[in-house]
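J.: The structure's right below; bear with me while I get my questions together.
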Amino acid sequence: MCFLCVLLTLKYLLPPVPPSQSPIISGDVGPRLAGEGLVLSCLSEGGRPPPRLKWYNGTEQYVLPTSTPGQSAGVSSASLDLVVPQLQRWDNGVNLSCVAEQVLPGLTTRQTTSRMLQINYPPTVTLPVRSVRVVEGDPANLTCLVESNPASVLQWTRIGGKSPSRAQRRGYTLRIPRVSRADSGTYKCVADNGVEPRGVGTISVEVICPPLIKPTFEEQVSVLFGQDWELKCVADGNPKPTIKWRRKNNRTLLDNPLSLSPLTYQTEGLYECVAWSDRFPEVSRETFINVMGRPDVLADSAPVLVTGGDTVRLTCHITSDPPPDYVDWVWKGVSGHQKKYRPGRTGDITVKMSGDAQSTLTIGTADPVHSGDYICTATNMFGSDQEKFRVEVSESWTVLIAAITMGIVVGILIAIIAMLCLRTRKMWKYRHRKADSVTRPSESFSYCAPTDNDVSGRMISNPLGNPRGDIPTVCANVFELQPTGTPSKHFSPLVNSDSGDMHPCSQMTVQSTNSYSPLTGRDMGDRYVINRPYYIKDLKLRVAVPDRVPDGIEDGANDETLKLTPTKHRNSDTVSNGTGFSKDCHPVV
Numbered sequence: 001m002c003f004l005c006v007l008l009t010l011k012y013l014l015p016p017v018p019p020s021q022s023p024i025i026s027g028d029v030g031p032r033l034a035g036e037g038l039v040l041s042c043l044s045e046g047g048r049p050p051p052r053l054k055w056y057n058g059t060e061q062y063v064l065p066t067s068t069p070g071q072s073a074g075v076s077s078a079s080l081d082l083v084v085p086q087l088q089r090w091d092n093g094v095n096l097s098c099v100a101e102q103v104l105p106g107l108t109t110r111q112t113t114s115r116m117l118q119i120n121y122p123p124t125v126t127l128p129v130r131s132v133r134v135v136e137g138d139p140a141n142l143t144c145l146v147e148s149n150p151a152s153v154l155q156w157t158r159i160g161g162k163s164p165s166r167a168q169r170r171g172y173t174l175r176i177p178r179v180s181r182a183d184s185g186t187y188k189c190v191a192d193n194g195v196e197p198r199g200v201g202t203i204s205v206e207v208i209c210p211p212l213i214k215p216t217f218e219e220q221v222s223v224l225f226g227q228d229w230e231l232k233c234v235a236d237g238n239p240k241p242t243i244k245w246r247r248k249n250n251r252t253l254l255d256n257p258l259s260l261s262p263l264t265y266q267t268e269g270l271y272e273c274v275a276w277s278d279r280f281p282e283v284s285r286e287t288f289i290n291v292m293g294r295p296d297v298l299a300d301s302a303p304v305l306v307t308g309g310d311t312v313r314l315t316c317h318i319t320s321d322p323p324p325d326y327v328d329w330v331w332k333g334v335s336g337h338q339k340k341y342r343p344g345r346t347g348d349i350t351v352k353m354s355g356d357a358q359s360t361l362t363i364g365t366a367d368p369v370h371s372g373d374y375i376c377t378a379t380n381m382f383g384s385d386q387e388k389f390r391v392e393v394s395e396s397w398t399v400l401i402a403a404i405t406m407g408i409v410v411g412i413l414i415a416i417i418a419m420l421c422l423r424t425r426k427m428w429k430y431r432h433r434k435a436d437s438v439t440r441p442s443e444s445f446s447y448c449a450p451t452d453n454d455v456s457g458r459m460i461s462n463p464l465g466n467p468r469g470d471i472p473t474v475c476a477n478v479f480e481l482q483p484t485g486t487p488s489k490h491f492s493p494l495v496n497s498d499s500g501d502m503h504p505c506s507q508m509t510v511q512s513t514n515s516y517s518p519l520t521g522r523d524m525g526d527r528y529v530i531n532r533p534y535y536i537k538d539l540k541l542r543v544a545v546p547d548r549v550p551d552g553i554e555d556g557a558n559d560e561t562l563k564l565t566p567t568k569h570r571n572s573d574t575v576s577n578g579t580g581f582s583k584d585c586h587p588v589v
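See below:
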């Protein structure tokens, strides 16, 4: 034990000796690819006491096992390996140092050997902005930042198109000095340094631009009359523009595509496509739509109603391209008769053309024979078209008034003749009836009753029958008068109070017109007022009744007693039956 202690004491008491040279690093420290592994060995020879080895990454020490001492050609040595499983791109340019130091602080110095790593790695592209929005006419800068080892070569391309020829490449930036709408799109930058994979970046360019209408249609378009047709307008811009159609000098907007179905001559004209967006004013492009085809005849289809003697004008308006070769008028009468008219005068009918657009048929003096259908037909190389007029001519008012007046006059004459005939017949009947009523024209009376004695009577017949049935025009209730005292007297007829006509007895004179209260039914309280003629003849009292039986008179009435009594006045007597029937009797002298 003591001997060992002596040796150790002698060893450390001897002066220290540093290694003869700096540590030696061996291994492939040339350019390496990122992702590969690395093994480096550090060897230090000589020195007393033997040195201890350490590895550093810059100033940061690797945590590694203790170096291994050894002998080489009788000289002490120490070695230590550094193993890096996978190199990273950030290991490029790193200093790896092997440090040999003896455990004699202050007596020896550290010996260091370093190697710088060179790591090759593929490009990495970084984009400051992924999209660029620029107004048309302004410049645009597109930038791709590239990190790689070795340095990369950067190329710019446009996806789906050709890069602008005026574009300028400045380092990692592509500059377009004056952007147009055609420069919109996606641009790609590609970085290549020989280490795969290459670095790629894309930048989208959005150009804000006003609407622009593309020349997809001609300034004039010819189309056929009657067809279904449409025209589409194409415009681009950013923001996307609104596209409409309108007729020139008309503010009404039409949808795009412009649809004209079917085409008529009224649709012919100048149209314009208009496009606009929020940030830019309206733009437009014009085209003239020329309609060609058969004639188109227009007219008022309402019937023409006139009276005889009026002037009739029928006008058809013609639109045609090319103009019509000829225009005909055809009349179809009510009876089926037909007649064709060309420009000029035919009888009372004249046809006149006003250019190529109007034809007028004139009837100078209309007559009912002119009634019927008038057909206007226009024809050109593409075909023909027609329009029909219905004309109805009635008799003139002068003729109608004359006919009505003549009818009225004839009617009045017939009525007068009929009245005369009727009156003649009535007079004949009246005279015949009056002749039957006259008896003993030489007799006369001064009183309705010759004495104060009563005269009784009874009803011996009632020729009326059922008062509710049909009643003859002239009828009478007949009363037979029987004397109760003095001998009977004969009574002559009196006056007809209805007509005022006098009885034919010439020796009699009338002091006044007779009137009397009517008969009343035995069971009825109402009275029926009438004026009737009466006369007394051969002790019989005849009374004319109205055209219908008065209310209250019933068929088969019982016999009644009629009393004739003289009045206080010499020239007036009263006839009474005691039941409300009274009569003022005015005698004939």
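The opening position of the sequence shown corresponds to residue 1 in full-length UniProt numbering, with each subsequent residue numbered one higher.
In this text, a Cβ means the ideal position worked out from N, Cα and C, and glycines have one as well.
1) If I measure Cβ to Cβ from Pro18 and keep anything under 6 Å in the same chain, skipping five residues before and after, which residues do I get?
2) Is it true that the CB of Cys376 sits closer than 9 Å to the CB of Asp310?
3) Specify, as a first and last residue, the run of the beta strand (DSSP E) that Glu45 falls within.
4) If I follow the unbroken beta strand (DSSP E) through Val294, where does it start and stop?
5) Report the CB separation of Ala275 from Pro215 in whole angstroms; it is logged as a contact under 8 Å.
6) Take the Cβ of Gly201 as the centre, count every other Cβ of all protein chains shown within 10 Å, and call the residue buried at 16 or more, exposed below.
7) Run through DSSP, which three-state label would Pro16 get?
8) Could you check if Ser20 is buried or exposed, using at least 16 other CB atoms within 10 Å of its CB as the buried criterion?
9) I'd like to check one pair, Ala191 with Pro123: are the Cβ atoms closer than 9 Å?
10) Sorted by chain position, which residues of the same chain lie with C-beta nearer than 8 Å to Met381's C-beta, five sequence neighbours on each side aside?
11) Would Lys54 be called buried (16 or more neighbouring beta carbons within 10 Å of its own) or exposed?
12) With a Cβ-Cβ cutoff of 9 Å, do Val132 and Asn141 count as a contact?
13) Leaving out five residues on either side along the sequence, give the residues of the same chain with a beta carbon under 6 Å from the beta carbon of Arg32.
14) Any contact of the region 341-348 with the region 299-308, i.e. 3+ C-beta pairs under 8 Å?
15) Between the alpha carbons of Arg175 and Pro65, how many angstroms are there, rounded?
16) Just to confirm the assignment: which complete beta strand (DSSP E) runs, minimum length 3, are found wholly within the UniProt domain "Ig-like" (210-284)?
17) Can you give the Cα-Cα distance for Leu82 and Leu127, rounded to whole angstroms?
18) Could you pull the start and end residues of the beta strand (DSSP E) that His317 belongs to?
19) CB-CB under 6 Å to Arg285, same chain, minus the five flanking residues each way: which ones, in chain order?
20) Name the residue from Arg158, Asp348 and Glu230 whose alpha carbon lies nearest to the alpha carbon of Asp255.
21) Can you look up Gly407 in the DSSP assignment and give me helix, strand or coil?
22) Between which two residues does the beta strand (DSSP E) harbouring Arg110 extend?
23) Whole angstroms are fine: how far does the CA of Arg166 sit from the CA of Ile208?
24) Note down, in chain order, each residue of its chain lying with its Cβ closer than 8 Å to the Cβ of Pro197, except the 5 sequence neighbours on either side.
25) Give me, in chain order, the residues of the same chain whose beta-carbon lies closer than 7 Å to that of Ser396; leave out the 5 immediate sequence neighbours on both sides.
26) For the beta strand (DSSP E) containing Asp367, name the first residue and the last one.
27) Around the Cβ of His370, are there at least 16 other Cβ atoms within 10 angstroms (buried) or fewer (exposed)?
28) Taking C-beta to C-beta, are Asp296 and Asp236 nearer than 9 Å?
29) Between which two residues does the beta strand (DSSP E) carrying Pro122 extend?
30) Is the shortest distance between the beta-carbon of Val29 and the beta-carbons of chain C less than 9 Å?
31) Excluding sequence positions up to five away, which residues of its chain have a Cβ less than 6 Å from the Cβ of Lys352?
32) Quick one: using the 10 Å Cβ neighbour count with 16 as the cut-off for buried, is Leu413 buried or exposed?
33) Given that a residue counts as buried once 16 or more other Cβ atoms are within 10 Å of its Cβ, and exposed if not, what is Lys583?
34) Tell me the rounded alpha-carbon separation between Ser261 and His317.
35) Going by beta carbon distance, what residues of the same chain come within less than 8 Å of Thr186, once the five residues before and after it are set aside?
36) Find the nearest neighbour of Ser394 within the set Pro85, Ser354, Val312 and Asn249, judged by alpha-carbon distance.
T.: Answer, in terms of the structure:
1) Closer than 6 Å at Cβ, skipping near neighbours: Gly47 and Thr108.
2) Taking 9 Å as the Cβ cut-off, Asp310 and Cys376 do not qualify as a contacting pair.
3) Leu38 to Glu45
4) According to the sequence as given, residue 294 is Arg; it is not Val. That run of the beta strand (DSSP E) goes Val283 to Leu298.
5) In fact, because the Cβ distance is near 13 Å, the residues do not count as touching under 8 Å.
6) buried
7) coil
8) exposed
9) In this structure, Ala191 lies closer than 9 Å to Pro123 by Cβ.
10) Excluding sequence neighbours, Met381 sits near Pro322 and Asp325.
11) buried
12) Cβ distance < 9 Å, so Val132 and Asn141 count as in contact.
13) Leu87 and Ile119
14) no
15) 56 Å
16) 220-224, 229-231, 235-238, 242-247, 258-260 and 269-276
17) Distance between the alpha carbons of Leu82 and Leu127: 38 Å.
18) Taken as a continuous stretch (DSSP letters only), the beta strand (DSSP E) holding His317 covers Val312 to Asp321.
19) Ile213 and Cys273
20) Closest by alpha carbon: Glu230.
21) helix
22) First-last for Arg110: undefined, no H or E at that position.
23) 19 Å
24) Pro122, listed in sequence order.
25) These residues qualify, in order along the chain: Thr307, Gly308 and Gly309.
26) No beta strand (DSSP E) contains Asp367, which DSSP labels as neither H nor E.
27) buried
28) no
29) Ile119 to Thr126
30) No chain C is present in this structure, which holds just one protein chain.
31) Thr360
32) exposed
33) Because Lys583 sits at a pLDDT of 38, beneath the cut-off of 50, its placement in the model cannot be relied upon, and the following sentence gives the value as read from the coordinates. The residue in question, Lys583, is buried, as its Cβ has 16 or more Cβ neighbours within 10 Å.
34) 22 Å
35) Arg158, Ile159, Gly160, Thr202, Ile203, Ser204 and Val205
36) Val312
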